[in-house]
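First the structure, in the form of structure tokens, and then the observations on it.
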Amino acid sequence: MKLFTKYMTRNDCYTAGRKITPKGIMVHSTAVPGVMATDWFSRWNKSYKAGEINRQVCVHAFVDDKEVWQYLPWDHRGWHAGGSANNTHIGFEICEPAGFSYKSGSVMVGYDAAKQEDYFRKAWQNAVELCVMLCKKYGLNENDIICHSEGYKLGIASNHADVMHWFPKHGESMDTFRKAVKKALENSTDTNTDIGIGDMVEFKDSVKNYYPGSVEVPTWVKNDYYHRVTQTLYKGKPVIKGGKECVLLGKKVKKSSGQEIAGINTWVAKENLVIVNSIPDNKGNRTYTVQKGDTLWRIAEKELGRGTRYPEIKKLNGLTSDTIYPGQVLKLPE
């Protein structure tokens, strides 16, 4: 599973800043054929209050056949369930492949299951691996995983059919999905001993102290940053503190921007950490989709605070003139 992090900082759900203690995972599917995980950032990183989008919605992640994109912190209250599950569940969407359409809300028209089997299996596997990672992080198991339609039957989500309008076309169900997660959890090995110099890690949610007997880990150290391992040995030998083998965290990586800065320089028990698969892809990647009537000046004024900053947008996007067109996606400077 390739996991990328890029928070939707303009979405009102993100700016609301409400936190949850995850008690479960809710699986959704997009019902938007052909729109992949990375595409949803430009679609949803907008403010309903500012009139930039007509929906109040945001999920924690999108999954497709190639990768997973995390758009909210896992412990952030999402807007995905349409019910009380927003207060308890991490929600992610599985992207659906192109080549078909919908009618009557949840009826897939022209969907060729045999043709889409390869896509489905790869997306399924990424979804399973994401659930395994989240189960380990929050002390959950396969029984804590439901889909949107199951949430509706439990009275904690709105009336949607996903994912049971899709999974059966490939001979699967949420029961078989949970079995796949259970098997993966049972077969997965603890990779904490493999943590080495240069690895980017984060603290497990359940961690209280850096190592047994040490001081308590501050909330900001756990929630706001990933950390880079800069040392594993001292004078050629493993460092043991509180009876646990430790590594030194010498660099911090901001979860919100991906910026790497001076670290906490603290020895931490390996068993308290998990390896992060990729560096957050936030820095310099905020984008804006051009609307009818937009000019570079207006975009700079609205997005950057000053219209006079429009040359920065031109330079970042390699524009040779001030001409832009509706639907064009522009990168925005920090």
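For the sequence shown, our numbering begins at -13 and goes up steadily by one. Beta carbons: idealized from backbone N, C-alpha and C, even for Gly. Here the structure is a predicted model, which is why all the values come from computation and not from measurement.
- Residue 170 and residue 80 have their C-alpha atoms spaced approximately 19 Å apart.
- In the structure shown, residue 167 adopts helical secondary structure according to DSSP, grouped into three states.
- Here residue -10 really is in contact with residue 53; their C-beta atoms are around 6 Å apart, less than 8 Å.
- Residue 107: member of the alpha helix (DSSP H) spanning 99 to 124, first to last residue.
- Partner residues in the beta bridge of residue 77, as assigned by DSSP, are 12.
- Closest by C-alpha distance to residue 210, out of 245, 182, 194, is 245.
- Residue ranges of uninterrupted beta strand (DSSP E) with 3 or more members, entirely inside the segment 245 to 296 and ordered along the chain, are 246 to 255, 259 to 261, 273 to 275.
- Assignment of residue 48 by DSSP, reduced to helix, strand and coil, places it in the strand class.
- Here residue 113 is actually not in contact with residue 18; their C-beta atoms are around 17 Å apart, not less than 8 Å.
- Your pair residue 66 and residue 56 does not check out as a contact, with CB atoms roughly 13 Å apart and the cut at 8 Å.
- Between the alpha carbons of residue 101 and residue 214 lies a gap of roughly 42 Å.
- Residue -9 has 56 as its beta-bridge partners, per DSSP.
- Secondary structure note for residue 231: its beta strand (DSSP E) is the uninterrupted segment 230 to 240.
- Counting C-beta pairs with one atom in each stretch, the segment 279 to 286 and the segment 215 to 234 have fewer than three that are closer than 8 Å, which means they do not touch.
- In the DSSP annotation of this structure, the continuous segment of the alpha helix (DSSP H) that includes residue 27 starts and ends at 26 to 30.
- Between the C-alpha atoms of residue 0 and residue 301 there is a straight-line separation of about 29 Å.
- With respect to residue 119, residue 58 sits apart: the two C-beta atoms are not nearer than 8 Å.
- A straight-line Cα-Cα distance of about 19 Å links residue 93 and residue 139.
- A straight-line Cα-Cα distance of about 15 Å links residue 223 and residue 255.
- Distance between residue -2 and residue 228, taken at the CA atoms: about 43 Å.
- Taking 8 Å as the cut-off, the Cβ atoms of residue 123 and residue 191 count as close.
- The beta carbons of residue 121 and residue 127 sit about 6 Å from each other, so the pair counts as a contact at 8 Å.
- In this structure residue 307 is exposed. Its beta-carbon is surrounded by fewer than 16 other beta-carbon atoms within 10 angstroms.
- Closest in C-alpha terms to residue 289, from the list 108, 32, 305, comes 32.
- With respect to residue 252, residue 318 sits apart: the two C-beta atoms are not nearer than 8 Å.
- Residue range 211 to 217 is occupied by the beta strand (DSSP E) that includes residue 213.
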